[in-house]
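Student: Quick one: the structure is below, questions incoming.
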Amino acid sequence: MFKDILLAITPSELCDCAAEAAFHFAQRFESRLIIVHVCGMAQGWGDMEFLESSGEVAKIKASVEEYYKEKLRGLENYEVKVVPGVPHVEILRIARKMNADLVVMGPHTKEYAEQRSRMWGMTGSTLEQVSQKAACPVMIVAKSTPYGEHNFLNIVAATDFSDQADCAVHYGGQIARHYKAGLTVFHCVDLSGENGRMSLGHDEVKRAIAQSKANLEERYGDKLRGIKSSTFEAWEGMPAMEILKLARMREANLILMAHHTRERDPEKAFLGSTVIQVALNSPCPTISVNRHFDLRCGLMYDQTGEAVETSHKAAAGAGG
585 MFKDILLAIT
595 PSELCDCAAE
605 AAFHFAQRFE
615 SRLIIVHVCG
625 MAQGWGDMEF
635 LESSGEVAKI
645 KASVEEYYKE
655 KLRGLENYEV
665 KVVPGVPHVE
675 ILRIARKMNA
685 DLVVMGPHTK
695 EYAEQRSRMW
705 GMTGSTLEQV
715 SQKAACPVMI
725 VAKSTPYGEH
735 NFLNIVAATD
745 FSDQADCAVH
755 YGGQIARHYK
765 AGLTVFHCVD
775 LSGENGRMSL
785 GHDEVKRAIA
795 QSKANLEERY
805 GDKLRGIKSS
815 TFEAWEGMPA
825 MEILKLARMR
835 EANLILMAHH
845 TRERDPEKAF
855 LGSTVIQVAL
865 NSPCPTISVN
875 RHFDLRCGLM
885 YDQTGEAVET
895 SHKAAAGAGG
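Numbering (the numbering used here), first residue to last: 585 to 904.
So, in structure tokens, the structure goes:
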């Protein structure tokens, strides 16, 4: 299902959960795995150009290989890349060059992990930048899953009815068909006003929820035919909290989302905190999908749910 995987890491326990997921997928699908560590964050900008010539890059690469030595046994098609530069720029560059169909990331830094416990989301991080701009899906893994248990049996796809969210739902439908999984498509009716308080009455709230659920069925019903079990849910609340609540209720193995924004151009859209809030607090992996993207496997499915033969990945920049 995933044929070319990029794992972006720092060689520490902070990224172990993401690494475990990437190693599992690489073994299961006989994927090519590129493990990327970008150095230069701790060094001054003037020192970055000397990292390679000084031999520092080679030392870091050796430490990465040593750190993951045991877990890499059994993997034949992998490569470790250590490059100097700006982390999100280099990760995106390598992902484009290798034509990745999945980028896997974890919280990435100690500072990030510590601040996660004190606030919902952080702006401007490597995680946000990559999730926002990647041409392929980005899987964020913040919690450990026992090795070999990355099976997607119950999937939640959250939508705000934007074009980008349509891409996430479509991709979720493909994964659900591939795994014969259940899929719940969810919309959170955000009724908070400027002061954060609900401004609608009880009857108006009920009508808004009923209308949202009808919109879900109309917008996605036909496109999700052929899935073992697909359901639509809508209720009010704070989007991140309600998505996490539904994921717990459904015992979800995977959450799919897109930029929760009305900005039509995903390159200009700033990744709202909702995706990061969910990803860093979810017990299961979260995939950010911002453009139309097809699974690369023996069978694809059209929008009616019919299987069609394919041998290549769809153009990642096709737009949703």
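Just so it is clear, CB atoms sit at the ideal spot from N, CA and C, and this is done for glycine as well.
Values in this document were obtained by computation on a predicted structure and should not be read as measured data.
Nearest to Ala684 by CA position, among Cys623, Ala718 and Asp588, is which residue?
Tutor: Of the candidates Cys623, Ala718 and Asp588, the one whose C-alpha sits nearest the C-alpha of Ala684 is Asp588.
Student: Can you tell me whether Glu826 is buried or exposed, with buried defined as 16 or more other CB within 10 angstroms of its CB?
Tutor: Buried is the call here.
Student: I think Ala863 touches Ala726, with their Cβ atoms under 8 angstroms apart; what is that distance to the nearest whole Å?
Tutor: With a Cβ gap of about 6 angstroms, Ala863 and Ala726 count as contacting.
Student: Taking the alpha helix (DSSP H) that Pro823 falls in, what are its first and last residues?
Tutor: Its alpha helix (DSSP H) spans residues Pro823 to Arg834.
Student: Could you please give me the residues that DSSP links to Glu801 through a beta bridge?
Tutor: DSSP output for Glu801 lists no bridge partner at all.
Student: In terms of alpha-carbon separation, which member of Cys720, Glu835 and Ala798 lies closest to Leu737?
Tutor: Ranking Cys720, Glu835 and Ala798 by Cα distance to Leu737 puts Glu835 first.
Student: What separation, rounded to the nearest whole angstrom, lies between the Cα atoms of Leu767 and Met585?
Tutor: One C-alpha to the other measures close to 18 angstroms.
Student: Taking the CB atoms as reference points, tell me whether His876 and His754 lie closer together than 8 angstroms.
Tutor: Closer than 8 angstroms, so yes.
Student: Which word fits Ala798, buried or exposed, when buried means at least 16 other C-beta atoms lie within 10 angstroms of its C-beta?
Tutor: Burial call: exposed.
Student: Three or more C-beta pairs closer than 8 angstroms, one from the stretch 710 to 717 and one from the stretch 806 to 813: is that the case here?
Tutor: Counting Cβ pairs under 8 angstroms, fewer than three are found: no touch.
Student: Residues in the same chain with beta-carbon distance under 6 angstroms from Ile724, minus the five sequence neighbours each way, listed in chain order, please.
Tutor: These residues qualify, in order along the chain: Met689, Ala863 and Thr870.
Student: Going straight from the alpha carbon of Met841 to that of Ala752, what length do you get?
Tutor: For Met841 and Ala752, the distance between alpha carbons rounds to 6 angstroms.
Student: Would you mind working out which of Leu879, Ser715, Glu660 and Val622 sits nearest Val670, comparing C-alpha positions?
Tutor: Minimum Cα distance to Val670 is reached at Val622.
Student: Would you kindly work out how many angstroms separate the C-alpha atoms of Cys720 and Arg680, rounded to a whole number?
Tutor: Straight-line Cα distance between these residues: approximately 9 angstroms.
Student: What are the start and end residues of the beta strand (DSSP E) that includes Lys587?
Tutor: Here Lys587 belongs to no beta strand (DSSP E), and DSSP marks it neither H nor E.
Student: Check Pro668 in the structure and name its three-state DSSP category.
Tutor: Strand at Pro668.
Student: Please report the distance separating the alpha-carbon of Val789 from that of Leu590.
Tutor: Approximately 43 angstroms, taken between the alpha carbons.
Student: Per DSSP, what kind of secondary structure is Gly756 in: helix, strand or coil?
Tutor: In the structure shown, Gly756 sits in a helix (DSSP, three-state: H, G or I).
Student: Using three-state DSSP, classify Val789 as helix, strand or coil.
Tutor: In this structure, Val789 counts as helix in the three-state DSSP scheme.
Student: When we look at the beta-carbon of Ala831 and count the other beta-carbons within 10 Å, is it buried (16 or more) or exposed?
Tutor: Burial call: buried.
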